[in-house]
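Enquirer:
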C-alpha cells in the first residue's frame, strides 16, 4: 500500500513509531501496535504502527522522529507500507511467558531487539513481568549478561581494575565518595560510574556534582582515570549497557527489578573490572531485610561474577538507619570531604574502610586496617582533590565553602527517652520534599542517631531547603510521618504494623544499578 | 508548575496523554509515563505524561485528544501541572505481580481504572502477563467478572433468555447461524452477539453481514429480539464489557488470553442469559487438544456460571477438521442457508442439533432430536429469514444469490490414497491469504474431508478470491503448507514434528470471546 508521509517532530521513547488511519491499517490486516515495513526508494525499516481515526487521514501515514531520520522522510513523500511479521524475539518472549527456558541465542536476540528499540512497550513489560514472576536460571542470567555486554561500549583501561557497587536504599550513603579515593590512592584503578537519584534524595552522581562536573565522555573518563587512577562520574549516557536503559524505562513504573544482577554486573564488566565489591545494606528499613536474604543475593552475585570472569565479594552492611548525619547532595558532599580530612562521623569511616578492605583482601593489599591507614594518612583526601581537579572542579574546596539550603527548621523530640529507631524511607521522603536532589542544598542533618538519649524539646534533626515553601512541606511531612521513634525502651513500642490497613504498602523500591 | 498548552489532534488509544519537555518533567520529579494532574480554571484531570527533548519545548505541554476534549483546551492556554501519585489500582496490580490474592474491592478498582483508561499500557501488559502466569482463583475470577459486568451496559430483555458461545478455532464453524434460528423458533429468547474475525478467516459477525447489517445499537437489538426472539449482531461496539475491549488490545499482541472466562461470561450476563451452552471444539488442530483439557475448562465455565447466576452446559465437539465444506464469510453464509433448507452437509446439522439439544435439555424442551425436528420442519429457516429482515437484509435471499470470489483455482491430490488429516491452521491461513474476511467472497470450498478416498489429480479443495493476485498468493501458500495429508494408511505418516526445529512455533491463538 502506498501512503503519503506526514512527518511529525515527535520522539516516542527512541522507538520507530508510525500512525496510520484505522481503515488503511485494516486493509493491510494490521492491528494497532503490530509492525509495518516501510520502504522508500533506497531504504527500508520496520516500525511499530499505531492507528487513529482522525489524526492520520486515509492515505496518510504520520511518521515520528526515529523513522524521519532513518528514512530521511520529506513531507508528502510516498511510502510503501506493508504488514511485517513479529521479530523472532517476540516468540522467545512468549516462550518465557509459558515458563520455557531461553537458550543463549534466544536471549541474544531479545537483547539485540531491545537495544534496536524493535520491541513494543507492551512486549517489554510482559517480558519483564514474566522474569519477575518466573525468574531466570543462572545459565540464562549469564547469557543475558553476555548479550548486554556485547551490545554495549567498553572502557578498555589498563592496570588492576576494580569496582565497587551498592544496591542502595540507605539515605546519606556517601560510601563511594570516600572509598574511590582510598582505592585509587592504593594504586588500584577504579573507573567508578554512578547513577543519579531515581527515588532517593541523592545518588552518588548528584553528590559528586556538587564538587565537580560528572558528565564526561568515555574518552574523557579514560583520561581522568589514567591520570588519577579513579573517577566519580555519571554512568547514565555512556551506553555501557544500552539494553539496561531500555529495561529500566519499563521496570521503574512497575516497581519491579528482575534484571538486577545482569544489569549491575554487565556494567562492571564493561568498565573492565576484575575485582568487584558489592555493598548490600541490610536490616529493617533497608531493601534487604535479613542477613539470610542478603547471603542468598550475595551467592548469586558471586556465581554470576565467576561466570563472567570477575571475582566478587559482597559486604553485608548495617542498614537500619541513615549513614552518617547528612542527607542531600551538598550536605553529603560536605560530610564526605570531612570524612576524608579525618573529621567525619565514625560510622562513615567504619563502613568505608570495611568495604574497601574487602576489595583489598581480594587483590592481596591487606584489609580494612590498610584502608583506614590510607584514609588517616591524608593520601585519600589528596587523591580526591586530584580527581575533583581532573573532572573540572575546584580542588581546593573546603567543606564550609559548600552552599547548603539557607532556609532551615528543626524537628525536636516530643518526649524524653532514647531514639529507638529511625525510619529510612520517611527520612528520604522528607529530604525529597525539601527539594533534594534537584535543589542540591536541600536535605537533612541528623543531630541524634539510634540509641542516643534525648530530652523533651531537644533537636532531633534539621531540615534545609532553598525556599520556605518546600521547607514547610517537608516539615509538615516530618510531623505526619515521625521518622524518629523515641521511647524509654523497646518494650513500650511493640506494635510494628496492622493488617488490613487502609492503604496498600507503598511502591516497591528499585535497587541502584 | 504553569505550562502553555499546545493541543494536538492525536488519539492515544483513548488514553489521556500529555507530552512535556524533559527538563520540566525533571523539575516536577516526574519520570516518563508517570502521571500528571492538570488543572484549568474550572476543571482538572489526571493524564499519563510522556517526556521529550524537542517535541515539547520548555514551558510547553502537548495535550492529546482525551485531554483536549475533557479540559476544553485552547492553544496557548495556561495549565497548572503537578506530579500525581499512582492510582491505587497500580498497587493492586503490583500485589498480583508478587503472587498476592486480590480482594473484590481491589479487582473492582482495577476494572474501573481500566475502563476509565487510567492505566498505562505497561501496567496493563504487566497485569495481564501476571494473570497468564499465576492465574486467578475462582473467587477472584468471580469478582473480576462482576466488576466487568457492573462497568458495562445491559440489554434488559424479558422471557427465557439463553445464549450460545464457541471458543472458536475451527475454520468453517457456522454453528451459530443455524443454531440461533432453531432456538428462537422454539420460543426461547437468544440475543446473540458475535465477534468479527480476529485471527480467523471469518467470525460469525462477518458471515452474517453477508446477509444483513450486523451493526446495531442496543435499542435496535432489543427491538429485533422482541419481534423475532433472536438476532445475530456484532457485539464489538455495544460496550457490554468495555473493560474487556481494553484488555484485548493488550492480550492480542502478546498472544495470551488469561481473561477468557470473565470475558465470555460477563458478556453473557450482560445480555441477561440464564442458560448458556458453550461449544469447546477439541482435538489435534483445535485450540483444546484433549477431552481431558476440555473437561477442565468446562468445569471452570460451569462453576463461574453458577457463581454469576447462570446455568451452563459445555459441549465438547469434534474439532479435528473444518466444519462443513465452506470457509470464508460468503461461502459459509451460503452453506448456513443450505443447512437451514435441509441441503447442507451432515456434520453441520449434526453439530448444530447437538449444541442446541444441550440448551433444550437445560430448559426442559427435549434434546438434540427436538432441535433436529425444528430444523427439518422449515421453522428454523423461516425464523432465520425473519431475523434477516429485521436486521435490514433481504429475507428472500437464496444460497445461489450470494456472490463468491470469481477467481478460483483447484488444489489436487498429488497421490492416490485416503485423506488422513486436514490441518485447520493451514486451511485458515490459506483462506486469509485469499482475502477473507475483508474480501467476503474469498475462501475455500472443500471437496474432500478426512477419511475420503482420493485418486491422484483429483480435486481436494478450491480456493476463491476476488482477484488473481491474492488467489495466487493463497495457491502458493497451499503448495508450501500442504493442508491435506493423503496416504494409504496412518502407518506411513508416523513423524508428527521434530525438535529442535529452525523456527519457533507460530503465534499462540486467542480464544473467541
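Chains as they are written, first to last, in our numbering: chain A, 1 to 513; chain B, 1001 to 1513. Cβ atoms here follow ideal geometry from the backbone N, Cα and C, with glycine treated the same way. The structure displayed is predicted, hence computed values, not measured ones.
If you scan the stretch 1406-1482 of chain B from start to end, which runs of the beta strand (DSSP E) of 3 or more residues do you find wholly inside it?
Expert: 1407-1412, 1417-1422, 1443-1446 and 1459-1465
Enquirer: Would residue 335(A) and residue 326(A) qualify as a contact pair, given that the criterion is a beta-carbon distance under 7 Å?
Expert: Your numbering for residue 335(A) matches position 335 in the first chain. Your numbering for residue 326(A) matches position 326 in the first chain. Against a cut-off of 7 Å, the Cβ pair of residue 326(A) and residue 335(A) comes out as a contact.
Enquirer: Looking at the C-beta of residue 1052(B), does it have a partner C-beta in chain A at a distance below 7 Å?
Expert: In the second chain, residue 1052(B) corresponds to position 52, counting from 1. Judged by the 7 Å Cβ criterion, residue 1052(B) is in contact with chain A.
Enquirer: According to the Cβ coordinates, are residue 1582(B) and residue 1428(B) closer than 7 Å?
Expert: Since the first residue of chain B shown is 1001 and the last is 1513, residue 1582(B) is not available in this structure.
Enquirer: List, from N- to C-terminal side, the alpha helix (DSSP H) runs of 4 residues or more that fit wholly inside the stretch 210-243 of chain A.
Expert: If one requires a minimum length of 4 residues, the alpha helix (DSSP H) runs lying completely within the stretch 210-243 of chain A are 218-228, in chain order.
Enquirer: Thinking residue 1242(B) and residue 1141(B) are a contact (beta carbons under 8 Å), I'd like their distance in whole angstroms, please.
Expert: Here residue 1242(B) refers to the residue found at position 242 when the second chain is read from its first residue. Here residue 1141(B) refers to the residue found at position 141 when the second chain is read from its first residue. Between residue 1242(B) and residue 1141(B) the beta-carbon gap is near 19 Å, outside 8 Å, which marks them as no contact.
Enquirer: Going along the chain, which residues of the stretch 28-47 of chain A sit with their C-beta nearer than 9 Å to a C-beta in chain B?
Expert: 29, 31, 32, 33 and 34
Enquirer: Give the residues from the stretch 104-136 of chain A that approach chain B closer than 9 Å (Cβ to any Cβ), ordered along the chain.
Expert: Here the close residues are 106, 120, 121, 122, 123, 124, 125, 126, 127, 128, 129, 130, 132, 133 and 134.
Enquirer: Taking just the CA atoms, how far does residue 260(A) sit from residue 132(A)?
Expert: In the first chain, residue 132(A) corresponds to position 132, counting from 1. In the first chain, residue 260(A) corresponds to position 260, counting from 1. Approximately 10 Å between the Cα atoms of the pair.
Enquirer: Relative to the alpha-carbon of residue 1199(B), which residue among 1188(B), 1483(B) and 1167(B) has its alpha-carbon at the smallest distance?
Expert: For the purposes of this step, residue 1199(B) is identified with residue 199 of the second chain, where counting begins at 1. The candidate whose alpha carbon is nearest that of residue 1199(B) is 1167(B).
Enquirer: Check whether the stretch 217-227 of chain A touches the stretch 79-95 of chain A, counting contact only when three or more Cβ pairs, one atom from each stretch, lie closer than 8 Å.
Expert: At 8 Å Cβ cutoff, the stretches do not touch.
Enquirer: Using the three-state DSSP reduction, which class does residue 1290(B) fall into: helix, strand or coil?
Expert: Position 290 of the second chain, counting from 1, holds the residue named residue 1290(B). Residue state, collapsed to three classes: coil.
Enquirer: Can you find a CB in chain B that lies within less than 7 Å of the CB of residue 3(A)?
Expert: Against the first chain, residue 3(A) aligns to sequence position 3. No, residue 3(A) does not count as interfacial toward chain B.
Enquirer: Where residue 137(A) and residue 121(A) are concerned, what is the direct C-alpha to C-alpha distance, given to the nearest angstrom?
Expert: Looking up residue 137(A) in the first chain gives position 137. Looking up residue 121(A) in the first chain gives position 121. Whole-angstrom Cα-Cα distance: 24 Å.
Enquirer: If we count the other Cβ atoms within 10 Å of its Cβ and call it buried at 16 or more, is residue 500(A) buried or exposed?
Expert: Numbered from its first residue, the first chain carries residue 500(A) at position 500. The residue is exposed, with fewer than 16 neighbouring Cβ atoms inside 10 Å.
Enquirer: Quick one: is residue 1102(B) near chain A, going by C-beta distance under 7 Å?
Expert: As a working note, residue 1102(B) is residue 102 in the second chain. So no, residue 1102(B) is outside the interface.
Enquirer: Within 7 Å (strictly less), CB to CB, does residue 441(A) reach chain B?
Expert: Sequence index remark: in the first chain, residue 441(A) carries index 441 (1-based). With 7 Å as the cut-off, residue 441(A) does not count as an interface residue toward chain B.
Enquirer: Determine the direct distance from the alpha carbon of residue 322(A) to that of residue 1139(B), and round the result to whole angstroms.
Expert: Reading the second chain from its first residue, position 139 is the one you call residue 1139(B). Reading the first chain from its first residue, position 322 is the one you call residue 322(A). So the alpha carbons of these two residues sit roughly 43 Å apart.
Enquirer: At a Cβ threshold of 7 Å, is residue 354(A) touching chain B?
Expert: Taking the first chain and counting its residues from 1, one reaches residue 354(A) at position 354. By this cut-off, residue 354(A) is not an interface position.
Enquirer: Over the uninterrupted beta strand (DSSP E) stretch that includes residue 1485(B), give me the two end residues.
Expert: Walking along the second chain from the start, residue 1485(B) turns up at place 485. For residue 1485(B), the uninterrupted beta strand (DSSP E) run begins and ends at 1484-1487, by DSSP.
Enquirer: In terms of alpha-carbon separation, which member of 1272(B), 1340(B), 1143(B) and 1129(B) lies closest to residue 1248(B)?
Expert: For the purposes of this step, residue 1248(B) is taken as the residue at position 248 of the second chain. Looking at the Cα atoms, 1129(B) is the closest of the given residues.
Enquirer: With 16 other CB atoms within 10 Å as the buried threshold, where does residue 50(A) fall?
Expert: Along the first chain, read from residue 1 onward, the residue named residue 50(A) stands at position 50. When all chains shown are included, residue 50(A) counts as buried.
Enquirer: Should residue 1055(B) be flagged as near chain A, meaning a C-beta pair shorter than 7 Å?
Expert: Working through the second chain from its first residue, we reach residue 1055(B) at position 55. By the rule that beta-carbons nearer than 7 Å mark a contact, residue 1055(B) touches chain A.
Enquirer: Can you give me the Cβ contacts of residue 2(A) inside the same chain, cut-off strictly under 8 Å, excluding the 5 residues immediately before and after it?
Expert: Taking the first chain and counting its residues from 1, the one referred to as residue 2(A) is at position 2. Around residue 2(A): 78, 79, 80 and 81.
Enquirer: For the stretch 1003-1020 of chain B, list every residue whose C-beta sits within 9 Å of some C-beta in chain A, in sequence order.
Expert: Result list: 1008, 1009, 1010, 1011, 1012, 1013 and 1019.
Enquirer: So with Cβ pairs under 7 Å, would you call residue 1254(B) a contact of chain A?
Expert: Within the second chain, the letter at position 254 stands for residue 1254(B). So yes, residue 1254(B) belongs to the interface.
Enquirer: In the DSSP assignment, what are the bridge partners of residue 279(A)?
Expert: Start at 1 with the first residue of the first chain, and residue 279(A) comes out as number 279. DSSP lists 166(A) and 315(A) as partners of residue 279(A).
Enquirer: For residue 1250(B), decide whether its Cβ has a neighbour in chain A, counting only Cβ atoms nearer than 7 Å.
Expert: Stepping through the second chain from its first residue, residue 1250(B) is reached at position 250. Yes, residue 1250(B) counts as interfacial toward chain A.
Enquirer: Compare the C-beta of residue 196(A) against all C-beta atoms of chain B and say whether one is closer than 7 Å.
Expert: As a working note, residue 196(A) is residue 196 in the first chain. So no, residue 196(A) is outside the interface.
Enquirer: Give a yes or no on whether the C-beta atoms belonging to residue 1103(B) and residue 1089(B) are separated by under 7 Å.
Expert: As a first step, residue 1103(B) is located in the second chain; it is residue number 103 there, counting from the start. As a first step, residue 1089(B) is located in the second chain; it is residue number 89 there, counting from the start. The criterion of a C-beta distance shorter than 7 Å is not satisfied by residue 1103(B) and residue 1089(B).
Enquirer: So, using beta-carbon positions, are residue 425(A) and residue 458(A) closer together than 7 Å?
Expert: Translated into the one-based positions of the first chain, residue 425(A) becomes position 425. Translated into the one-based positions of the first chain, residue 458(A) becomes position 458. Result no, Cβ atoms of residue 425(A) and residue 458(A) do not sit closer than 7 Å.
Enquirer: Indicate the three-state DSSP secondary structure (helix, strand or coil) for residue 1273(B) in the structure shown.
Expert: By 1-based counting over the second chain, the position of residue 1273(B) is 273. In the structure shown, residue 1273(B) adopts coil according to DSSP, grouped into three states.
Enquirer: Does DSSP put residue 1491(B) in a helix, a strand or coil?
Expert: Residue mapping note: residue 1491(B) aligns to position 491 of the second chain, counting from 1. Per DSSP, reduced to three states, the secondary structure at residue 1491(B) is helical.
Enquirer: Does the beta-carbon of residue 1086(B) have 16 or more other beta-carbons within 10 angstroms, so that it is buried, or is it exposed?
Expert: Taking the second chain and counting its residues from 1, the one referred to as residue 1086(B) is at position 86. Classification for residue 1086(B): buried.
Enquirer: Within the continuous beta strand (DSSP E) that includes residue 104(A), where are the two ends?
Expert: As a working mapping, residue 104(A) is identified with position 104 in the first chain. Element bounds for residue 104(A): not the beta strand (DSSP E) but the alpha helix (DSSP H), 104-115.
Enquirer: Could you tell me how far apart the beta carbons of residue 310(A) and residue 269(A) are, in whole angstroms, since I believe they sit closer than 8 Å?
Expert: Here residue 310(A) is taken as the residue at index 310 of the first chain, counted from 1. Here residue 269(A) is taken as the residue at index 269 of the first chain, counted from 1. Right, the Cβ-Cβ distance comes to about 7 Å (below 8 Å), so this counts as a contact.
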